[in-house]
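Going line by line, the protein sequences match chains A and B. Its first residue numbered 1, the first sequence is counted upward by one per residue in the working numbering. Its first residue numbered 1001, the second sequence is counted upward by one per residue in the working numbering. Just so it is clear, CB atoms sit at the ideal spot from N, CA and C, and this is done for glycine as well. For reference, the structure discussed in these notes is given below.
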Amino acid sequence: MLQHAAQEHAPAPVSEGFDAGRVIIEHVSNTSVDHPLIHLPKVLGIDLSVTKHVLMLWIVAAVLATIAILTVRRFLRQERLVPTGFMNALEAVVLYVRDTIVEPNLGRKWTASWTPFVLTLFLFILFANAVGLIPVFEVIGLIDRLVLHTAPDSFLNRMLHGGTTATANYNVTAGLAVITFLAIIAAGTVAHGFVQHWKNLVPHGLAWPIYILLIPIEIIGMLVRPFALTMRLAANMTGGHIAILAMLSFVFLFAEMAGHAIVGIGVGLAVSVPLAVAITTLEIIVVLVQAYVFALLSAVFIGMAIHAHH
Amino acid sequence: MEFLYIGGVALGLGLVVLGAGLGIGRLAAGLAEGVSRQPGATAQITGAVNLPLFLLEGVAILAEVFILLVVLMRE
């Protein structure tokens, strides 16, 4: 949706003044599929070229895997069982997810088998969200403009376009929600067997006319849950960035309206920057809460599949 | 017509915020009341409030996404 909007707006002439909508969409959407960062061949009709959000997914996965593997290996290698240094931080996260998200919803019996899944979701979404708040690419762009002066079509310069938050892309969150959807089915199947899991979706022992109404509702409900997960995460991440950029675009809008740069700077200092800082603070909370919500709802749905007391 | 269109979208957004705000307000009031009566059960009450809170937030976000769709798919 946003990608389409970005492509529609892209050919608009730049000289006709500051277009806040175009700039904001360009900063939150993925880079165009027609101009990917890395060209890869098509496999089975699917274009595997790497765009900005795919690159961010790779970076997040690489950083997360490196941190987790190095820390856990160092913990296993040391003599004592007490963690030191960074292991404490990781241990706190692991224990938090296990004790407050997984165990209350899944019960003691299934905690050990589903904690790794929920923990992976939590950490991956948290890192992917948080990377979007760090203005890495803006700093790289500044260095590029002032020091390096690379060509407009260099890899570095093309990397500067598009949004940094991979989880603000509906396709990414849909992928994560599909994983949860499959995990719900897998959990029900492991706990009750494949046929019994589907029977558990509706309560048994009711009069037959009710089932005509109930079975479609339950099927819709089953499909709505991953859809809501998708929309909640992506819309939250996109919305926060749009709000910050809208505040900051006041600077350029007012400067253009008044015809003086000083008016824009004044509005920026008085209104835009304080508001943008406030929203960024709110965004830090949203980043944490959304990762927590995704993990919690995944655990709740898996728990519902396991403890189907109908 | 432009005015009506933008006005309708803005009104819809306002209604979404109004509904979500009322809902979250009720939840927060219930949470505060429950915790003040039973400080020992804070963790359980918070856990019970969290889930409907996030489901409510999901509905509100969905409505906002659809409003954005209405704006973007104008042509």
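Report the neighbours of residue i on chain B: residues whose CB is nearer than 9 Å to its CB, in chain order.
i              : result
residue 228(A) : 1055, 1058, 1059, 1061, 1062
residue 231(A) : 1058, 1061, 1062, 1065
Per DSSP, what kind of secondary structure is residue i in: helix, strand or coil?
i               : result
residue 2(A)    : Because the pLDDT at residue 2(A) is just 46, under 50, the model does not fix this residue reliably, and the value given afterwards should be weighed accordingly. Correct three-state label for residue 2(A): helix.
residue 47(A)   : strand
residue 38(A)   : strand
residue 150(A)  : coil
residue 196(A)  : helix
residue 135(A)  : coil
residue 19(A)   : coil
residue 1013(B) : helix
residue 249(A)  : helix
residue 239(A)  : helix
residue 1019(B) : helix
residue 1001(B) : coil
residue 10(A)   : Unreliable positioning characterises residue 10(A) in this predicted model, as indicated by a pLDDT of 45, which lies under 50. The coordinate reading is nonetheless provided below. Three-state DSSP puts residue 10(A) in coil, outside helix and strand.
residue 165(A)  : coil
residue 184(A)  : helix
residue 175(A)  : helix
residue 27(A)   : helix
residue 190(A)  : helix
residue 1031(B) : helix
residue 54(A)   : helix
residue 1039(B) : helix
residue 141(A)  : helix
residue 201(A)  : coil
residue 206(A)  : coil
For residue i, which residues in chain A fall below 9 Å Cβ to Cβ?
i               : result
residue 1051(B) : 296, 297, 300
Cβ closer than 7 Å: which chain B residues qualify as neighbours of residue i?
i              : result
residue 293(A) : 1054
residue 236(A) : 1061
Report the neighbours of residue i on chain A: residues whose CB is nearer than 8 Å to its CB, in chain order.
i               : result
residue 1040(B) : Residues of chain A passing the Cβ test: none, with the nearest at roughly 17 Å.
Please compile the residues from chain A whose C-beta is within a distance smaller than 7 Å of the C-beta of residue i.
i               : result
residue 1047(B) : 104
How far does the alpha helix (DSSP H) with residue i in it extend, from its first residue to its last?
i               : result
residue 281(A)  : 273-306
residue 157(A)  : 155-159
residue 1050(B) : 1042-1072
residue 261(A)  : 261-267
Could you tell me which chain C residues have their CB closer than 8 Å to the CB of residue i, listed as they occur along the chain?
i              : result
residue 239(A) : You won't find chain C in this structure, because its protein chains are A and B.
So is the beta-carbon of residue i under 7 Å away from any non-hydrogen atom of the ligand GDP?
i               : result
residue 1070(B) : Here there are no bound small molecules, and the ligand GDP is not part of this structure.
Sequence ranges, alpha helix (DSSP H) only - wholly within the stretch 67-126 of chain A, length at least 4: Counting only runs of 4 or more, we get 86-96, 103-106.
Mind checking the stretch 120-148 of chain A against chain B and listing, in chain order, the residues whose C-beta falls within less than 9 Å of any C-beta there? Those would be none; no residue qualifies.
Contact list for the stretch 1017-1034 of chain B against chain A, Cβ threshold 8 Å: Result list empty, no residue passes.
Note down, one range per segment and in chain order, each beta strand (DSSP E) of at least 3 residues found wholly within the stretch 208-233 of chain A. Here no run is fully enclosed.
Using a Cβ-Cβ cut-off of less than 7 Å, list which residues of the stretch 87-117 of chain A approach chain B; keep chain order. So the list reads 104, given in the order they occur along the chain.
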